[in-house]
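**Q** Chains A and B supply the protein sequences, listed in that same order.
When we follow this note's numbering, the leftmost residue of the first sequence carries the number 1, and every step to the right adds one.
When we follow this note's numbering, the leftmost residue of the second sequence carries the number 1, and every step to the right adds one.
The structure under discussion is supplied below as structure tokens; questions concerning it will follow.
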Amino acid sequence: MPESTVILDAAAIGRALARIAHEIAERNENSTEVALVGIPAGGNVLAQRLGKILSEIWKHPVPLGTLDVSMHRDDLAQRAAPRIHPTVMPFDVNGKTVVLVDDVLFSGRTTRAAMDALNDFGRPKKIQLAVLVDRGHRELPIKADFVGKNVPTALDEKIHVQIGEKDEVILERK
Amino acid sequence: MSWNKKHLLDIESLSLDEILNVLDTARAFKAVGERAIKKVPALRGKTVVNLFVEPSTRTRISFELAEQRLSADIINFSAEASSFKKGETLKDTALNLQALNADFIVIRHSASGAPHFLSRVLDAHIINAGDGAHEHPTQALLDAFTIRERKGRIAGLNVTILGDILYSRVARSNIWALLKLGARVTLCGPSTLVPKTFEQMGCRVTYNVDEALRDADIIHLLRIQHERQRKTMFPGIGEYTKLFGLNKERLARAKPEALIMHPGPINRGVEIDSEIADCKRSLILEQVTNGLAVRMAVLFLLNGGQGPQELA
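Below you can see the structure in the form of structure tokens.
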């Protein structure tokens, strides 16, 4: 039986997102340059939450996009073809500071694919990375700018992020 | 559901889930075609051989562009300028292509079953780009994509396929796909070219054009394939046009929201009036655009490896 531990409950997720939003606001003085881009599936709803908090801090709406990275992955031959999610980029990325938002940072390969995919839409001024959980085990020189919680994990453990009806982050041990 | 077929040989052996997977994936690739940068690196470093033993223009061009937009390397091989003229067998040609480490072979052949044969003798992924009068799976997938995009659904629609059914691989693939997707399929044309045996597949067969068109949501026209026909099949093109060609009078008796499709190349004034081919209800050029997206999706899905879909 796998053993499950709740590592973030709804209140903790809410606090983590509020803190990340304030860190994004602190780091980026020119708020009109900032756009949030969620990486499906887990990053989209987090990007929406962050966008809501940031628009309250900045008193203006924050452009929101979603970027599918499956066509740019480097491990396509190693598993069945991934399900592709729609990409929606309703703003010009040129000159923007794009904050990529994902639920879990692990090997870093998704982030690399996301940076490549984003470049197909133009040349952002800066790319930053916000994640709810950093579980370690990086395989590429990639580091998040904004982290909800650092969770040291073993390779065979799994992190499940649920956002929606019940917000929860669960660590599953074999 | 994850994709785990190695080849795309026909529609007959695809499940409904697999067909829907291709159509959903194609939607994302259609969006790629609308960007400033229309190329993605999904097939970088992969080699695709376009083995067109039977002449083809639009399908070959569509596959070529799909492969280029996925960043694959391409070898084009056509019947006119190849070793087939010098007597090499299909198997030997294919083994030579395998010796070049081709990852994909897209084959068009006048013999039904040629792609299936290649899939048994080679390690590469095989994609059927039309085999004899058997199947043309990517055409049926792009037709289904086009219908779903324009009508929002396929289940419950009435689709009439009008023309040379007997010799048409497009018809066979479309019938399989449409029935799996829940459409009602009516076949119509000269009785010599629309045998009643198609009723066993689950289609309605009628020789009365007005009856075939009356309830149709989609009117799918097929070209009379001069190259596959024996002269005995019907008296002449003029008579075909008179009895079965889609003209304004006939279209006026169909539902006003019925849309017109044709896999091309069209013969203006034969199976379709020139004006109808160019009218707003004609989806002929949309089919071409969508064909590119569907072929990218097929290549992308086949390129996936074995095992679970889950990503780290």
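Glycine included, C-beta positions come from ideal geometry on N, C-alpha and C.
Where does Val270 (chain B) sit, in a helix, a strand or coil, going by DSSP?
**A** The answer is coil: DSSP assigns Val270 (chain B) none of H, G, I, E or B.
**Q** What residues from chain B crowd round Gln128 (chain A), counting only those whose CB sits closer than 8 Å?
**A** None at all; the shortest Cβ gap to chain B is about 22 Å.
**Q** Should Ala124 (chain B) and Val294 (chain B) be called a contact, given that it needs their Cβ atoms to be closer than 7 Å?
**A** No, the pair does not count as a contact, with Cβ atoms beyond the cut-off.
**Q** Closer than 7 Å by C-beta to Lys91 (chain B): which residues in its own chain qualify, once you throw out the five before and the five after it? Chain order, please.
**A** Result list for Lys91 (chain B): Val121, in chain order.
**Q** Considering Val32 (chain B), what are the terminal residues of the beta strand (DSSP E) in which it resides?
**A** Where Val32 (chain B) is concerned, there is no enclosing beta strand (DSSP E), although the alpha helix (DSSP H) it sits in stretches over Leu16 to Val32.
**Q** Using 7 Å as the limit for Cβ to Cβ distance, is Gln78 (chain A) near chain B?
**A** Yes, because at least one Cβ of chain B sits closer than 7 Å to the Cβ of Gln78 (chain A).
**Q** Would you say Asp145 (chain A) and Leu129 (chain A) are within 7 Å of each other, going by their C-beta atoms?
**A** In contact: Asp145 (chain A) and Leu129 (chain A) (Cβ atoms closer than 7 Å).
**Q** Do the region 140-158 of chain A and the region 90-107 of chain B meet, that is, are 3 or more Cβ pairs less than 8 Å apart?
**A** No, the region 140-158 of chain A is not in contact with the region 90-107 of chain B.
**Q** Check for me: the beta strand (DSSP E) holding Leu100 (chain A) runs from which residue to which?
**A** First-last of the beta strand (DSSP E) with Leu100 (chain A): Thr97 to Leu105.
**Q** Where are the beta strand (DSSP E) runs, 3 residues long or more, that stay fully inside the region 197-241 of chain B, in chain order?
**A** Listed in chain order, the complete beta strand (DSSP E) runs (minimum 3 residues) inside the region 197-241 of chain B are 204-206 and 218-221.
**Q** Can you name, in chain order, every residue of its own chain whose Cβ lies under 6 Å from the Cβ of Ser31 (chain A), other than the five neighbours on each side?
**A** Excluding positions up to five away in sequence, the list reads Trp58.
**Q** From this set, B:Leu299, B:Ser173 and B:Gly45, which residue's C-alpha is nearest Glu12 (chain B)'s C-alpha?
**A** Looking at the Cα atoms, B:Ser173 is the closest of the given residues.
**Q** Does Met71 (chain A) have its Cβ less than 7 Å from a Cβ in chain B?
**A** Yes, Met71 (chain A) lies at the interface with chain B (some Cβ there is under 7 Å from its Cβ).
**Q** So, with DSSP's three-state summary, where would you put Ile142 (chain A)?
**A** Here Ile142 (chain A) sits in coil by DSSP.
**Q** Kindly give me the distance between the Cβ atoms of Val270 (chain B) and Tyr240 (chain B), rounded to whole angstroms, as I take these residues to be in contact under 8 Å.
**A** With a Cβ gap of about 7 Å, Val270 (chain B) and Tyr240 (chain B) count as contacting.
**Q** Please find out if some non-hydrogen atom of the ligand FAD comes closer than 6 Å to the beta-carbon of Arg60 (chain B).
**A** With respect to the ligand FAD, the structure offers nothing, as it holds no ligand at all.
**Q** At least one CB of chain A closer than 7 Å to the CB of Ile272 (chain B): is that the case?
**A** Not one chain A Cβ lies under 7 Å of Ile272 (chain B).
**Q** Which bits of chain B does Asp134 (chain A) rub up against, with CB to CB less than 7 Å?
**A** Per Cβ cutoff of 7 Å: no residues; Asp134 (chain A) is ~14 Å from chain B at best.
**Q** Looking only at its own chain, which residues have a Cβ that is under 6 Å from the Cβ of His380 (chain B), when we skip the five neighbours before and after it?
**A** Because chain B spans 1 through 312 in this model, residue 380 (chain B) falls outside it and cannot be assessed.
**Q** Between Ile183 (chain A) and chain B, is there a C-beta pair that is closer than 7 Å?
**A** For chain A, the structure presents residues 1 to 174; residue 183 (chain A) sits outside this window and is missing.
**Q** Output yes or no for whether 7 Å exceeds the beta carbon distance between Val88 (chain A) and Gly65 (chain A).
**A** Closer than 7 Å, so yes.
**Q** For Glu275 (chain B), which option in B:Glu34, B:Ser112, B:Lys248 and B:Asp24 has the closest C-alpha, if you only look at C-alpha atoms?
**A** Closest option to Glu275 (chain B), Cα to Cα, is B:Lys248.
**Q** Mark Gln139 (chain B) as exposed unless 16 or more other C-beta atoms lie within 10 angstroms of its C-beta, in which case mark it buried.
**A** Looking at its Cβ environment, which holds 16 or more other Cβ atoms inside 10 Å, Gln139 (chain B) is buried.
**Q** Who pairs with Lys158 (chain A) in a beta bridge, going by DSSP?
**A** Answer by DSSP bridge pairing, in chain order: A:Glu172.
**Q** Can a CB atom of chain B be found closer than 7 Å to the CB of Ala81 (chain A)?
**A** Yes - at least one Cβ of chain B is within 7 Å of the one on Ala81 (chain A).
**Q** Taking all protein chains shown into account, do 16 or more other C-beta atoms lie within 10 angstroms of the C-beta of Ile161 (chain B), making it buried, or fewer, making it exposed?
**A** By the neighbour-count rule (16 or more Cβ atoms within 10 Å), Ile161 (chain B) is buried.
**Q** Does DSSP put Arg172 (chain B) in a helix, in a strand, or in coil?
**A** The answer is helix: DSSP assigns Arg172 (chain B) an H, G or I state.
**Q** Would you mind telling me which residues of chain A sit closer than 8 Å to Ala31 (chain B), beta carbon to beta carbon, in chain order?
**A** What Ala31 (chain B) touches in chain A: Pro86 and Thr87.
**Q** Please report how far the alpha carbon of Trp176 (chain B) lies from the alpha carbon of Arg250 (chain B), in whole angstroms.
**A** Rounded to the nearest angstrom, the two C-alpha atoms are 27 Å apart.
**Q** Using 8 Å as the threshold, is the region 20-35 of chain B in touch with the region 49-59 of chain B, meaning 3 or more CB pairs across them?
**A** Because the criterion of three Cβ pairs below 8 Å is not met, the region 20-35 of chain B and the region 49-59 of chain B do not touch.
**Q** Are there three or more Cβ pairs, one per stretch, closer than 8 Å when the region 73-89 of chain A is compared with the region 5-25 of chain A?
**A** Touching, no, given that fewer than three Cβ pairs across the two stretches are closer than 8 Å.
**Q** Does any C-beta atom of chain A lie closer than 7 Å to the C-beta of Asn4 (chain B)?
**A** Answer yes: the Cβ-Cβ gap between Asn4 (chain B) and chain A drops below 7 Å somewhere.
**Q** Considering only their Cβ atoms, is the gap separating His72 (chain A) from Ala113 (chain A) smaller than 7 Å?
**A** Contact flag set, yes.
**Q** Below 9 Å between beta carbons is the criterion; list the residues of the region 107-125 of chain A that meet it against any residue of chain B, in chain order.
**A** From the region 107-125 of chain A, only Ser107, Arg109, Thr110, Asp116, Ala117, Asn119, Asp120, Phe121 and Gly122 have a Cβ closer than 9 Å to chain B.
**Q** Flag this pair as yes or no: are the beta carbons of Pro2 (chain A) and Ala35 (chain A) separated by less than 7 Å?
**A** No, they are not a contact pair.
**Q** Applying the 10 Å Cβ sphere with the 16-neighbour rule, what's the burial state of Thr111 (chain A)?
**A** Classification of Thr111 (chain A): buried, given that the 10 Å Cβ count is 16 or more.
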